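Student:
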């Protein structure tokens, strides 16, 4: 019996690799699209997984990439623009083109990964373009192409760009840590829960034409999450929450750096609480995993090493 074939676009990042692993475990054959195939050799360790090279922003190339697919998963996303228009190109135009290509190729199932609180009137380009992309994808729902979209809060797990980033920043900035947007709220969701929810939806007809908000079991203010990171990694820091004016100023200054750790658009995104009161994970057959059950498993190693370093330093003095 031939395995159903899934083409994953934007699947070479943190979330995408977990979705690919969950799909492989569920028995699907996979094609992961990448512009640089040689950089994704680790993914080839998955059974029945192939990394194919192609430019998804070229419509003809996109049509070739999804030809023969039973399912297409759209997960492309960026946090900041390198060039003006990148948000619209990646978050809106690409999903729109993917949906059109799926309809033309006779693909029967399309999953799309958006963002929680992405709306037309959102304060950031990131959220507005995410909203436009999700709307374009959902508009493609038909009798022959069934679409489901997923909108997670901040996603965490080994290799994430949230808790790991704050752990590194805390290490780099000793004594006092100035934190922008300290009262911004999040409902962190475990990456494997997101992946399993997406896999579960593929054959569930009740998910056709539906959107799901994916959140973890608890809500937190950003300052509490950063304090938790400091605790787990055993870093004694005074976390100082900045006012709105100083938070925006920090974003303006940091946005000028070659590596954009925090920008004005990021600041604008955090004006909106990334939380939701429902439990769509449960509707998709997944029990939400809490931050406290997972984060110490990967950040705790930093804390253990730091504790050993302190012990050795004291022993040397003695």
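In this note's numbering, the protein residues as written are 434 to 751. Backbone N, C-alpha and C fix where the C-beta goes; we use that ideal spot for every residue, glycine too. For clarity, every value in this text was computed on a predicted model and none was experimentally measured.
1) Using the Cα positions of residue 436 and residue 447, report the straight-line distance between them to the nearest angstrom.
2) Please identify the residue among 686, 671, 672 whose C-alpha is closest to the C-alpha of residue 678.
3) Per DSSP, what kind of secondary structure is residue 596 in: helix, strand or coil?
4) Pick out whichever of 539, 698, 527, 580 has its Cα sitting closest to the Cα of residue 753.
5) Among 491, 602, 733, which has the Cα closest to the Cα of residue 612?
6) Sorted by chain position, which residues of the same chain lie with C-beta nearer than 8 Å to residue 697's C-beta, five sequence neighbours on each side aside?
7) Taking the runs of the beta strand (DSSP E) that are 3 residues or longer, which of them lie wholly in the region 626-685?
8) What's the gap between the Cα of residue 643 and the Cα of residue 561?
9) Residue 439 by DSSP, collapsed to three states: which one?
10) Please check the pair residue 717 and residue 645, which I expect to be a contact at CB under 8 Å, by giving their CB distance rounded to whole angstroms.
11) Could you tell me the boundaries of the beta strand (DSSP E) in which residue 614 lies?
12) Under the rule that 16 or more other beta-carbon atoms within 10 Å means buried, what is residue 701, buried or exposed?
13) Pick out the complete alpha helix (DSSP H) segments inside the region 504-561, 4 residues or longer, and give them in chain order.
14) Please classify residue 468: is it buried, with 16 or more other beta-carbons within 10 angstroms of its beta-carbon, or exposed?
Tutor: In brief:
1) The C-alpha of residue 447 is placed about 25 Å away from the C-alpha of residue 436.
2) Taking only the C-alpha atoms, the option nearest residue 678 is 686.
3) Helix.
4) Past the boundaries of the shown model lies residue 753; the chain is included only from 434 to 751, so the question cannot be answered.
5) Closest option to residue 612, judged by alpha-carbon separation, among 491, 602, 733: 602.
6) Closer than 8 Å at Cβ, skipping near neighbours: 681, 684, 685, 688.
7) If we require 3 residues or more, the beta strand (DSSP E) runs fully inside the region 626-685 come out as 643-647, 671-674.
8) Using only the alpha carbons, I get a separation of about 19 Å.
9) Three-state DSSP puts residue 439 in a strand.
10) Contact flag correct, Cβ pair sits at about 6 Å.
11) Annotation: residue 614 is outside any beta strand (DSSP E) and is labelled neither H nor E by DSSP.
12) So residue 701 counts as buried.
13) Within the region 504-561, the complete alpha helix (DSSP H) runs of at least 4 residues are 527-538.
14) For residue 468, the number of other beta carbons within 10 angstroms of its own is below 16, and it is reported as exposed.
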